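Taking it in order: structure first as structure tokens, then the write-up.
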Amino acid sequence: MDIQSNMLTLADGNQIPQEGFGLYKITDQQTMDSSIKTAYETGYRLFDTAQLYKNETEVGQAFKDLNISRENIFVTTKVSEANQGYQSTIDSVKESLRKLQMDYVDLLLVHWPIQRAFFDTWRAFEELKKMGLTKSIGVSNFQIIHLQYLATKANEMPVVDQVELHPRLTQKPLLKYNQEHKIISQAWSPLGRGTVLNIPELKAIADKYGKSTAQIILRWHLQNGVSFIPKSVHPERIKQNADIYDFELSPAEMKQIDNLNQYKRTGREPELTYEYNHQY
Ligand code: A2P
Numbered sequence: 002m003d004i005q006s007n008m009l010t011l012a013d014g015n016q017i018p019q020e021g022f023g024l025y026k027i028t029d030q031q032t033m034d035s036s037i038k039t040a041y042e043t044g045y046r047l048f049d050t051a052q053l054y055k056n057e058t059e060v061g062q063a064f065k066d067l068n069i070s071r072e073n074i075f076v077t078t079k080v081s082e083a084n085q086g087y088q089s090t091i092d093s094v095k096e097s098l099r100k101l102q103m104d105y106v107d108l109l110l111v112h113w114p115i116q117r118a119f120f121d122t123w124r125a126f127e128e129l130k131k132m133g134l135t136k137s138i139g140v141s142n143f144q145i146i147h148l149q150y151l152a153t154k155a156n157e158m159p160v161v162d163q164v165e166l167h168p169r170l171t172q173k174p175l176l177k178y179n180q181e182h183k184i185i186s187q188a189w190s191p192l193g194r195g196t197v198l199n200i201p202e203l204k205a206i207a208d209k210y211g212k213s214t215a216q217i218i219l220r221w222h223l224q225n226g227v228s229f230i231p232k233s234v235h236p237e238r239i240k241q242n243a244d245i246y247d248f249e250l251s252p253a254e255m256k257q258i259d260n261l262n263q264y265k266r267t268g269r270e271p272e273l274t275y276e277y278n279h280q281y
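Note that the numbering used here gives residue 217 to position 216 of the sequence shown, counting from 1, and the numbers run on in steps of one.
Written out as structure tokens, the structure is:
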């Protein structure tokens, strides 16, 4: 198996690469082009952007300039808090597609749960899927309570829940809930934005396999069965992060990494974002 052949099947029948490439923070065209070029040549096929990243135009331009055909890639974007609501969601997704120079995205996510437009936004998502503007619909930063609440009115449930997930925030109950409900969990900041790379226990495992701590963490995500989208602007790291398919962590090592959990977020608390209607 390698990064390109490694696919998961979503509850709606579509396929998603288990490992993808995060595009958060890349805003200049040159870095966008070179990062996507290296990632694509390495075998990454999932590219993750968002309205909030303010780089959809550059993402679309990069694919065009690199002559990468649409059917060869899996593109995710996310609707921002400001654009939530029924009509504003629909309008904003059309605008995202214009910027991306695409007819559809593969996966559309609600970026954060907010109480102001919780059900209206999801109704728009179900409509956008029917319109063919997205192949799959999902959510991001939803905890169990948000999924349970959504289920009270949804006609179709999310097939992906993209959440902060790394060795200091392992979210085991949420992963179990998602698995039981056929929702693929997807890790954003799978490397904890770089904050978990110096943990001595991980260094010891890395030395044993002749890998980096980043590779050990990504392999842990892989064996946990979740999707994950590391990001880097450095070619050697982009390649290194895809070079995790030639070794296997033992059950004891998996457990050891699970035990590094400290319930520590680098990002916002979903419940407060829900209440304030924006990332506070
Ligand atoms: P850089 O872009 O300078 O390589 P996450 O995906 O959890 O948000 O983490 C991303 C951070 O981790 C980025 O700051 C990135 O920095 C860094 N990073 C990504 N891959 C590696 C790696 N293999 N080794 C060290 N740092 C990495």
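Even for Gly, the Cβ is constructed at its ideal location relative to N, Cα and C.
Computed from a predicted structure; not experimentally measured.
Review point. Taking only runs of the beta strand (DSSP E) that begin and end inside the region 199-278, which ones reach a length of at least 3 residues, in chain order?
Key: none
**Study point:** Rounded Cβ spacing between I230 and Q187 (contact assumed at less than 8 Å)
**Key:** 7 Å
Review point. Just how far apart, CA to CA, sit Y45 and Y275?
Key: 32 Å
Review point. With respect to the alpha helix (DSSP H) encompassing P191, which residues constitute its N-terminal and C-terminal limits?
Key: It is not in any alpha helix (DSSP H) - P191 carries neither H nor E in the DSSP assignment.
Review point. Going by the beta-carbon positions, is the gap between W123 and A155 smaller than 8 Å?
Key: yes
Point to revise | Of the residues T90, Q263, S213 and L134, the one placed nearest F119, counting alpha carbons only | key: T90
Review point. Under 8 Å, do Y264 and L176 count as touching if we go by C-beta distance?
Key: no
Practice item. Consider the C-beta atom of K212 and the heavy atoms of ligand 1; say whether any pair is separated by less than 7 Å. Key: no
Point to revise | R291 Cβ short of 7 Å to ligand 1 heavy atom set | key: Any property of residue 291 remains undetermined from this structure, which presents the chain solely from 2 to 281.
Review point. Less than 7 Å between the CB of K232 and some heavy atom of ligand 1, yes or no?
Key: yes
Check your understanding: E42 and N278 look like a contact to me (Cβ under 8 Å); what is the Cβ gap, rounded to whole Å?
Key -> About 41 Å separates the two Cβ atoms, so there is no contact after all.
Practice item. Using DSSP bridges, identify the partner residues of Q163. Key: S141 and Q187
Exercise for review: Look at the Cβ atom of F143, then the Cβ atom of D107, and state whether they are nearer than 8 Å.
Suggested key: no
**Study point:** Backbone CA spacing between D66 and R99 [nearest angstrom]
**Key:** 16 Å
Review point. Between R194 and ligand 1, is the CB less than 7 Å from at least one heavy atom?
Key: yes
Review point. Hey, would you say the C-beta of Q241 is under 7 Å away from at least one heavy atom of ligand 1?
Key: yes
Review point. Nearest to T28 by CA position, among N242, K240 and S233, is which residue?
Key: S233
Exercise for review: Starting from the Cα of D3, find the closest Cα among P236, Y246, Y54 and G14 and give me that residue.
Suggested key: Y246
Practice item. For F248, count neighbouring C-beta atoms within 10 Å of its own C-beta (all shown protein chains included) and say buried if the count is 16 or more, exposed if not. Key: exposed
**Study point:** Local Cβ density within 10 Å of P174, reported as buried at 16 or more and exposed below that
**Key:** exposed
Check your understanding: How many angstroms separate the CA atom of L151 from the CA atom of S228?
Key -> 22 Å
Review point. Can you tell me where the beta strand (DSSP E) with D107 in it begins and where it stops?
Key: V106 to V111
**Study point:** L11, buried or exposed, once every other Cβ within 10 Å from all chains shown has been counted against 16
**Key:** buried
Check your understanding: Within the chosen definition, does the region 50-60 reach the region 254-269 through at least 3 CB pairs nearer than 8 Å?
Key -> no
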